[in-house]
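Enquirer: Residue numbers (the numbering used here): -3 to 307. Quick reminder that beta carbons are idealized off the backbone N, C-alpha and C, glycines included. Every value quoted in this text rests on a predicted model; they were computed, and no experiment measured them.
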Amino acid sequence: MKIFNSLDEIQDIEPAVVALGNFDGIHRGHQEIINRSVREAETAGLKSGVFTFSNHTSTILKTVPPVKNILYPDQKISILESMRVDYLFNIPFTEEILAMEPVTFIDEILVKKFNIREAYCGFNYSFGHKASGTPEVLMHEGILRGFGIHVQEPYTIDGIVVSSTYIRQLIAEGRMEECTKFMGRMYSIDGEVAVGNKIGRTIGFPTCNTVVDDTMIAPPNGVYITMCTVNGVRHPSVTNVGVKPTIGTYEKNIETHIFNFNEDVYGRKIRVEFIRHTRPEMKFNGIDELRKQIENDCIEAKIYHRDRGML
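1) Taking the alpha helix (DSSP H) that S54 falls in, what are its first and last residues?
2) To the nearest angstrom, how far is it from the Cα of Q148 to the Cα of K58?
3) Can P88 and S50 be called in contact, C-beta distance under 9 Å?
4) Do D186 and R267 have their C-beta atoms within less than 9 Å of each other?
5) Rounded to whole angstroms, what is the Cα-Cα separation between E137 and E104?
6) Only counting the same chain, and skipping five residues up and downstream in sequence, which positions put a Cβ closer than 6 Å to that of H301?
7) In whole angstroms, what separates the C-alpha of F280 from that of A214?
8) If I follow the unbroken beta strand (DSSP E) through Y83, where does it start and stop?
9) To the nearest angstrom, how far is the alpha carbon of K43 from that of V261?
10) Are there 16 or more other CB atoms within 10 angstroms of the CB of I343, so buried, or fewer, so exposed?
11) Given a cut-off of 9 Å on the beta-carbon distance, is the pair H23 and S184 in contact?
12) Could you check how far apart the C-beta atoms of G144 and E114 are, in whole angstroms? I think they sit under 8 Å.
13) Please list, in chain order, all residues of the same chain as Y68 whose beta carbon is under 7 Å from its beta carbon, the five residues on each side excluded.
14) Please report the straight-line C-alpha distance between E269 and P202, rounded to a whole angstrom.
15) Does the separation of the CB atoms of Y220 and M172 fall below 9 Å?
16) I need the straight-line Cα distance from L94 to T274, nearest angstrom please.
17) Could you check whether L84 and M(-3) sit closer than 9 Å to each other, using their CB atoms as the reference points?
18) Would you tell me roughly how many angstroms separate the C-alpha atoms of D303 and G45, rounded to the nearest one?
19) Can you grab the Cα-Cα spacing for the pair T242 / G282, in whole Å?
20) Taking the continuous beta strand (DSSP E) assigned at N18, which residues delimit it?
21) Any idea what DSSP makes of S233, helix, strand or coil?
22) Give a yes or no on whether the C-beta atoms belonging to I250 and V191 are separated by under 9 Å.
23) Any idea what DSSP makes of N51, helix, strand or coil?
24) Kindly give me the distance between the Cβ atoms of V133 and R80, rounded to whole angstroms, as I take these residues to be in contact under 8 Å.
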(Lines of atoms letter the chains of each structure in order from A and count residues from 1; the text may use other names and numbers.)
(Lines give C-alpha, C1' and ligand atoms only; values in the text may rest on other atoms or scores of the structure.)
Protein backbone atom coordinates (compact mmCIF):
# COMPACT_ATOMS: atom_id res chain seq x y z
CA MET A 1 0.00 0.00 0.00
CA LYS A 2 1.35 3.39 -1.00
CA ILE A 3 0.75 6.10 1.58
CA PHE A 4 0.42 9.78 0.72
CA ASN A 5 0.74 12.09 3.73
CA SER A 6 0.08 15.36 1.91
CA LEU A 7 -1.70 16.55 -1.21
CA ASP A 8 1.63 17.77 -2.64
CA GLU A 9 2.94 14.18 -2.70
CA ILE A 10 0.14 13.04 -5.02
CA GLN A 11 1.27 13.32 -8.62
CA ASP A 12 -0.07 11.57 -11.73
CA ILE A 13 -1.46 8.48 -10.02
CA GLU A 14 -3.37 5.75 -11.81
CA PRO A 15 -7.18 5.94 -12.03
CA ALA A 16 -8.73 4.85 -8.76
CA VAL A 17 -11.84 3.74 -6.94
CA VAL A 18 -11.76 5.68 -3.68
CA ALA A 19 -13.55 5.18 -0.36
CA LEU A 20 -14.27 8.52 1.32
CA GLY A 21 -14.63 9.05 5.07
CA ASN A 22 -12.97 9.69 8.41
CA PHE A 23 -12.76 5.94 9.04
CA ASP A 24 -11.68 6.77 12.58
CA GLY A 25 -12.60 3.32 13.90
CA ILE A 26 -12.66 1.21 10.72
CA HIS A 27 -15.67 -0.46 12.30
CA ARG A 28 -17.99 -2.92 10.58
CA GLY A 29 -19.78 -0.17 8.64
CA HIS A 30 -16.48 1.34 7.48
CA GLN A 31 -15.25 -2.10 6.49
CA GLU A 32 -18.31 -2.60 4.29
CA ILE A 33 -17.60 0.63 2.38
CA ILE A 34 -13.89 -0.11 1.97
CA ASN A 35 -14.39 -3.75 0.98
CA ARG A 36 -16.96 -2.78 -1.65
CA SER A 37 -14.57 -0.19 -3.12
CA VAL A 38 -11.66 -2.66 -3.20
CA ARG A 39 -13.78 -5.31 -4.94
CA GLU A 40 -14.98 -2.75 -7.49
CA ALA A 41 -11.40 -1.64 -8.19
CA GLU A 42 -10.18 -5.21 -8.65
CA THR A 43 -13.07 -6.03 -10.97
CA ALA A 44 -12.52 -2.89 -13.06
CA GLY A 45 -8.73 -3.18 -13.18
CA LEU A 46 -8.30 0.08 -11.27
CA LYS A 47 -6.38 1.05 -8.15
CA SER A 48 -8.24 1.12 -4.85
CA GLY A 49 -7.84 4.05 -2.52
CA VAL A 50 -8.97 5.31 0.87
CA PHE A 51 -9.18 9.03 1.53
CA THR A 52 -9.09 9.93 5.19
CA PHE A 53 -7.56 12.59 7.40
CA SER A 54 -4.44 12.04 9.49
CA ASN A 55 -5.97 14.17 12.27
CA HIS A 56 -9.57 14.08 13.46
CA THR A 57 -11.66 16.94 12.04
CA SER A 58 -12.48 17.95 15.62
CA THR A 59 -8.92 19.27 16.03
CA ILE A 60 -9.69 22.08 13.56
CA LEU A 61 -13.35 22.46 14.45
CA LYS A 62 -12.28 22.89 18.12
CA THR A 63 -14.85 20.42 19.38
CA VAL A 64 -15.37 20.54 23.16
CA PRO A 65 -14.65 18.14 24.70
CA PRO A 66 -12.08 16.87 22.18
CA VAL A 67 -13.05 13.71 20.31
CA LYS A 68 -10.90 10.81 21.52
CA ASN A 69 -9.29 8.39 19.06
CA ILE A 70 -10.38 4.78 18.65
CA LEU A 71 -7.36 3.68 16.61
CA TYR A 72 -3.67 4.55 16.68
CA PRO A 73 -2.26 5.73 13.33
CA ASP A 74 -0.21 2.55 12.89
CA GLN A 75 -3.28 0.40 13.62
CA LYS A 76 -5.23 2.23 10.93
CA ILE A 77 -2.48 1.68 8.38
CA SER A 78 -2.11 -2.00 9.29
CA ILE A 79 -5.84 -2.66 9.01
CA LEU A 80 -6.09 -0.92 5.62
CA GLU A 81 -3.11 -2.88 4.31
CA SER A 82 -4.82 -6.11 5.34
CA MET A 83 -7.87 -5.02 3.32
CA ARG A 84 -5.78 -4.88 0.10
CA VAL A 85 -6.02 -1.11 -0.33
CA ASP A 86 -3.53 0.22 -2.92
CA TYR A 87 -3.48 3.92 -2.01
CA LEU A 88 -3.96 5.57 1.37
CA PHE A 89 -4.54 9.31 1.06
CA ASN A 90 -3.76 10.19 4.67
CA ILE A 91 -4.06 13.96 4.41
CA PRO A 92 -4.00 16.53 7.26
CA PHE A 93 -7.35 18.23 7.80
CA THR A 94 -6.61 21.96 7.62
CA GLU A 95 -8.39 25.31 7.74
CA GLU A 96 -7.94 25.48 3.95
CA ILE A 97 -9.73 22.18 3.38
CA LEU A 98 -12.41 23.19 5.89
CA ALA A 99 -13.10 26.37 3.93
CA MET A 100 -13.25 24.74 0.47
CA GLU A 101 -16.53 24.96 -1.39
CA PRO A 102 -17.77 21.46 -2.21
CA VAL A 103 -17.24 21.85 -5.97
CA THR A 104 -13.67 23.05 -5.39
CA PHE A 105 -13.07 20.08 -3.09
CA ILE A 106 -14.30 17.72 -5.79
CA ASP A 107 -12.30 19.32 -8.59
CA GLU A 108 -9.02 20.00 -6.78
CA ILE A 109 -8.82 16.89 -4.62
CA LEU A 110 -11.03 14.07 -5.89
CA VAL A 111 -10.58 14.67 -9.61
CA LYS A 112 -7.22 16.42 -9.96
CA LYS A 113 -5.31 14.61 -7.20
CA PHE A 114 -7.00 11.21 -6.84
CA ASN A 115 -7.85 10.64 -10.52
CA ILE A 116 -11.13 9.27 -9.25
CA ARG A 117 -13.31 6.96 -11.37
CA GLU A 118 -15.69 5.71 -8.68
CA ALA A 119 -16.31 6.90 -5.12
CA TYR A 120 -17.79 5.04 -2.17
CA CYS A 121 -19.03 6.81 0.95
CA GLY A 122 -21.46 6.53 3.84
CA PHE A 123 -24.95 7.97 3.84
CA ASN A 124 -23.86 10.76 6.22
CA TYR A 125 -20.57 11.70 4.51
CA SER A 126 -19.99 15.45 4.42
CA PHE A 127 -17.23 17.68 3.11
CA GLY A 128 -16.41 21.25 2.19
CA HIS A 129 -17.39 24.61 3.67
CA LYS A 130 -19.85 24.26 6.56
CA ALA A 131 -20.15 20.54 5.68
CA SER A 132 -22.35 21.57 2.76
CA GLY A 133 -20.99 18.78 0.56
CA THR A 134 -23.22 15.69 0.73
CA PRO A 135 -23.57 12.39 -1.13
CA GLU A 136 -26.25 14.09 -3.24
CA VAL A 137 -23.78 16.79 -4.25
CA LEU A 138 -21.23 14.10 -5.13
CA MET A 139 -23.80 12.33 -7.30
CA HIS A 140 -24.73 15.48 -9.18
CA GLU A 141 -21.16 16.63 -9.74
CA GLY A 142 -19.98 13.09 -10.52
CA ILE A 143 -22.42 12.88 -13.42
CA LEU A 144 -20.99 16.12 -14.81
CA ARG A 145 -17.38 15.01 -14.35
CA GLY A 146 -17.68 11.37 -15.36
CA PHE A 147 -17.21 9.50 -12.09
CA GLY A 148 -19.68 7.29 -10.26
CA ILE A 149 -20.89 7.46 -6.65
CA HIS A 150 -21.98 4.56 -4.44
CA VAL A 151 -23.58 5.47 -1.11
CA GLN A 152 -23.62 2.98 1.75
CA GLU A 153 -26.92 3.00 3.59
CA PRO A 154 -26.84 2.84 7.42
CA TYR A 155 -25.10 -0.39 8.46
CA THR A 156 -26.89 -1.95 11.39
CA ILE A 157 -26.27 -4.75 13.87
CA ASP A 158 -29.18 -5.88 16.02
CA GLY A 159 -31.13 -2.89 14.73
CA ILE A 160 -28.47 -0.38 15.87
CA VAL A 161 -26.63 1.81 13.36
CA VAL A 162 -22.89 1.16 13.59
CA SER A 163 -21.03 4.42 14.15
CA SER A 164 -17.81 5.64 15.73
CA THR A 165 -19.86 7.70 18.17
CA TYR A 166 -21.70 4.60 19.38
CA ILE A 167 -18.45 2.64 19.66
CA ARG A 168 -16.93 5.41 21.78
CA GLN A 169 -19.97 5.15 24.03
CA LEU A 170 -19.54 1.37 24.35
CA ILE A 171 -15.87 1.75 25.29
CA ALA A 172 -16.58 4.55 27.78
CA GLU A 173 -19.21 2.34 29.44
CA GLY A 174 -16.99 -0.75 29.53
CA ARG A 175 -19.24 -2.75 27.20
CA MET A 176 -16.29 -4.46 25.56
CA GLU A 177 -18.02 -7.51 24.10
CA GLU A 178 -20.53 -5.31 22.29
CA CYS A 179 -17.66 -3.11 21.16
CA THR A 180 -15.94 -6.12 19.61
CA LYS A 181 -19.13 -7.05 17.76
CA PHE A 182 -19.55 -3.56 16.30
CA MET A 183 -15.87 -2.95 15.51
CA GLY A 184 -15.11 -6.40 14.15
CA ARG A 185 -12.07 -6.56 16.43
CA MET A 186 -11.28 -6.04 20.09
CA TYR A 187 -10.58 -2.54 21.30
CA SER A 188 -6.96 -2.15 22.34
CA ILE A 189 -4.63 0.30 24.02
CA ASP A 190 -0.88 0.48 23.36
CA GLY A 191 1.77 1.69 25.75
CA GLU A 192 5.35 1.42 26.87
CA VAL A 193 5.82 -0.57 30.05
CA ALA A 194 6.98 1.67 32.87
CA VAL A 195 8.34 0.88 36.33
CA GLY A 196 5.48 0.97 38.81
CA ASN A 197 5.37 0.68 42.61
CA LYS A 198 5.89 -3.10 42.31
CA ILE A 199 3.08 -3.84 44.77
CA GLY A 200 1.74 -6.45 42.37
CA ARG A 201 5.04 -8.30 42.34
CA THR A 202 5.30 -8.30 46.12
CA ILE A 203 1.87 -9.93 46.49
CA GLY A 204 2.46 -12.49 43.75
CA PHE A 205 0.86 -10.80 40.75
CA PRO A 206 3.49 -8.87 38.74
CA THR A 207 2.00 -6.46 36.24
CA CYS A 208 2.97 -4.55 33.13
CA ASN A 209 2.16 -0.93 33.88
CA THR A 210 1.32 1.52 31.11
CA VAL A 211 0.01 5.07 31.17
CA VAL A 212 -3.40 5.85 29.70
CA ASP A 213 -2.88 7.74 26.43
CA ASP A 214 -4.91 10.93 26.77
CA THR A 215 -5.64 11.01 23.03
CA MET A 216 -7.40 7.63 23.16
CA ILE A 217 -10.87 6.80 24.41
CA ALA A 218 -10.33 4.76 27.58
CA PRO A 219 -12.61 2.24 29.27
CA PRO A 220 -13.90 3.00 32.78
CA ASN A 221 -11.95 2.00 35.84
CA GLY A 222 -12.26 -1.66 36.66
CA VAL A 223 -11.00 -5.16 35.94
CA TYR A 224 -11.05 -6.71 32.47
CA ILE A 225 -10.29 -10.04 30.86
CA THR A 226 -7.70 -9.18 28.22
CA MET A 227 -5.11 -10.37 25.74
CA CYS A 228 -1.68 -8.75 25.90
CA THR A 229 0.69 -8.66 22.93
CA VAL A 230 4.43 -8.56 23.68
CA ASN A 231 6.94 -8.73 20.81
CA GLY A 232 4.18 -9.80 18.43
CA VAL A 233 2.98 -12.69 20.62
CA ARG A 234 -0.51 -12.58 22.20
CA HIS A 235 -0.84 -13.81 25.78
CA PRO A 236 -3.94 -14.38 27.95
CA SER A 237 -4.08 -11.77 30.69
CA VAL A 238 -6.17 -9.82 33.19
CA THR A 239 -6.06 -6.04 33.45
CA ASN A 240 -6.94 -3.38 35.98
CA VAL A 241 -7.69 0.11 34.72
CA GLY A 242 -7.73 2.70 37.46
CA VAL A 243 -6.07 4.72 40.19
CA LYS A 244 -5.21 1.99 42.76
CA PRO A 245 -7.32 3.44 45.61
CA THR A 246 -6.28 0.77 48.12
CA ILE A 247 -2.61 1.69 48.12
CA GLY A 248 -2.52 5.45 47.54
CA THR A 249 -3.28 8.24 45.11
CA TYR A 250 -2.21 7.64 41.50
CA GLU A 251 -3.01 8.83 38.01
CA LYS A 252 -5.22 6.53 35.96
CA ASN A 253 -3.12 3.76 34.47
CA ILE A 254 -3.34 0.24 33.08
CA GLU A 255 -1.90 -2.74 34.98
CA THR A 256 -1.85 -6.05 33.14
CA HIS A 257 -0.97 -9.41 34.68
CA ILE A 258 0.05 -11.88 31.96
CA PHE A 259 -0.51 -15.54 32.81
CA ASN A 260 2.46 -17.94 32.64
CA PHE A 261 4.82 -15.12 31.74
CA ASN A 262 8.02 -13.99 33.47
CA GLU A 263 9.95 -11.92 30.91
CA ASP A 264 11.39 -8.48 31.70
CA VAL A 265 9.31 -6.09 29.61
CA TYR A 266 10.29 -2.72 31.06
CA GLY A 267 10.62 -0.19 28.26
CA ARG A 268 8.89 -2.42 25.71
CA LYS A 269 5.72 -1.49 23.88
CA ILE A 270 2.75 -3.74 24.54
CA ARG A 271 -0.84 -3.87 23.28
CA VAL A 272 -3.73 -4.71 25.60
CA GLU A 273 -6.93 -5.97 23.95
CA PHE A 274 -10.07 -5.68 26.07
CA ILE A 275 -12.42 -8.67 26.00
CA ARG A 276 -14.80 -8.37 28.95
CA HIS A 277 -15.38 -6.08 31.92
CA THR A 278 -15.71 -8.20 35.07
CA ARG A 279 -16.05 -5.69 37.92
CA PRO A 280 -15.59 -2.01 38.82
CA GLU A 281 -12.50 -0.77 40.64
CA MET A 282 -12.90 -0.91 44.42
CA LYS A 283 -11.06 0.23 47.51
CA PHE A 284 -10.21 -2.66 49.85
CA ASN A 285 -9.41 -2.76 53.54
CA GLY A 286 -5.72 -3.45 53.16
CA ILE A 287 -3.32 -5.48 51.03
CA ASP A 288 -4.56 -8.91 52.17
CA GLU A 289 -8.09 -8.18 51.03
CA LEU A 290 -6.74 -6.78 47.76
CA ARG A 291 -4.64 -9.92 47.21
CA LYS A 292 -7.65 -12.19 47.74
CA GLN A 293 -9.72 -10.22 45.23
CA ILE A 294 -6.91 -10.31 42.67
CA GLU A 295 -6.77 -14.09 43.09
CA ASN A 296 -10.48 -14.27 42.33
CA ASP A 297 -10.06 -11.95 39.33
CA CYS A 298 -7.30 -14.19 37.97
CA ILE A 299 -9.38 -17.34 38.47
CA GLU A 300 -12.28 -15.81 36.56
CA ALA A 301 -10.02 -14.68 33.72
CA LYS A 302 -8.24 -18.04 33.53
CA ILE A 303 -11.54 -19.91 33.31
CA TYR A 304 -12.59 -17.64 30.44
CA HIS A 305 -9.29 -18.14 28.58
CA ARG A 306 -9.21 -21.92 29.18
CA ASP A 307 -12.78 -22.37 28.00
CA ARG A 308 -11.67 -20.82 24.69
CA GLY A 309 -8.43 -22.78 24.39
CA MET A 310 -6.18 -19.80 25.12
CA LEU A 311 -4.55 -21.29 28.23
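Expert: Put simply:
1) As a position in the sequence shown, residue 54 is number 58, starting the count at 1. Looking at the DSSP string, the run of the alpha helix (DSSP H) that includes S54 is S54 to L57.
2) Against the sequence shown, residue 148 aligns to sequence position 152. Against the sequence shown, residue 58 aligns to sequence position 62. One C-alpha to the other measures close to 28 Å.
3) Here residue 88 corresponds to residue number 92 of the sequence shown, with the count starting at 1. Here residue 50 corresponds to residue number 54 of the sequence shown, with the count starting at 1. Contact flag set, yes.
4) Within the sequence shown, residue 186 is the residue found at index 190, counting from 1. Within the sequence shown, residue 267 is the residue found at index 271, counting from 1. Yes, they are a contact pair.
5) Residue numbering aside, residue 137 sits at position 141 when the sequence shown is read from its first letter. Residue numbering aside, residue 104 sits at position 108 when the sequence shown is read from its first letter. Approximately 13 Å, taken between the alpha carbons.
6) Within the sequence shown, numbered from 1, the residue matching residue 301 stands at position 305. Within the same chain, H301 has close Cβ partners P232 and L307.
7) Within the sequence shown, the letter at position 284 stands for residue 280. Within the sequence shown, the letter at position 218 stands for residue 214. Taking the straight line joining both Cα atoms gives about 23 Å.
8) What you label residue 83 is simply residue 87 of the sequence shown in a count that begins at 1. Per DSSP, Y83 belongs to the beta strand (DSSP E) from Y83 to I87.
9) By 1-based counting over the sequence shown, the position of residue 43 is 47. By 1-based counting over the sequence shown, the position of residue 261 is 265. Linking K43 to V261 through their CA atoms gives a straight-line distance of about 42 Å.
10) In the structure as shown, the chain begins at -3 and stops at 307. Residue 343 is therefore absent and cannot be evaluated.
11) Counting from 1 along the sequence shown, the entry for residue 23 is found at position 27. Counting from 1 along the sequence shown, the entry for residue 184 is found at position 188. It is not a contact, given that the beta carbons lie outside the stated cut-off.
12) What you label residue 144 is simply residue 148 of the sequence shown in a count that begins at 1. What you label residue 114 is simply residue 118 of the sequence shown in a count that begins at 1. Between the beta-carbon of G144 and that of E114 there is about 5 Å, and that keeps the pair under the 8 Å contact cut.
13) Along the sequence shown, one-based indexing puts residue 68 at 72. Cβ within range, chain order: D186.
14) Residue numbering aside, residue 269 sits at position 273 when the sequence shown is read from its first letter. Residue numbering aside, residue 202 sits at position 206 when the sequence shown is read from its first letter. When the Cα atoms are used, E269 and P202 turn out to be separated by approximately 18 Å.
15) Within the sequence shown, numbered from 1, the residue matching residue 220 stands at position 224. Within the sequence shown, numbered from 1, the residue matching residue 172 stands at position 176. Result yes, Cβ atoms of Y220 and M172 sit closer than 9 Å.
16) Taking the first residue of the sequence shown as position 1, residue 94 is located at position 98. Taking the first residue of the sequence shown as position 1, residue 274 is located at position 278. Answer to the nearest angstrom: the Cα atoms are 43 Å apart.
17) Taking the first residue of the sequence shown as 1, we reach residue -3 at position 1. Taking the first residue of the sequence shown as 1, we reach residue 84 at position 88. Less than 9 Å divides the Cβ of M(-3) from the Cβ of L84.
18) Position 307 of the sequence shown, counting from 1, holds the residue named residue 303. Position 49 of the sequence shown, counting from 1, holds the residue named residue 45. Taking the straight line joining both Cα atoms gives about 41 Å.
19) Taking the first residue of the sequence shown as 1, we reach residue 242 at position 246. Taking the first residue of the sequence shown as 1, we reach residue 282 at position 286. Distance between the alpha carbons of T242 and G282: 7 Å.
20) Indexing the sequence shown from 1 puts residue 18 at position 22. The continuous stretches of beta strand (DSSP E) do not include N18, and DSSP gives it neither H nor E.
21) Locating residue 233 in the sequence shown gives position 237, counting from the first residue. Under the three-state reduction of DSSP output, S233 falls in the strand class.
22) What you label residue 250 is simply residue 254 of the sequence shown in a count that begins at 1. What you label residue 191 is simply residue 195 of the sequence shown in a count that begins at 1. One thing to note: I250 has its Cβ no nearer than 9 Å to the Cβ of V191.
23) Numbered from 1 along the sequence shown, position 55 holds the residue referred to as residue 51. Per DSSP, reduced to three states, the secondary structure at N51 is coil, with no helix or strand assignment.
24) Translated into the one-based positions of the sequence shown, residue 133 becomes position 137. Translated into the one-based positions of the sequence shown, residue 80 becomes position 84. Cβ-Cβ separation between V133 and R80: approximately 29 Å, too far for a contact (criterion under 8 Å).
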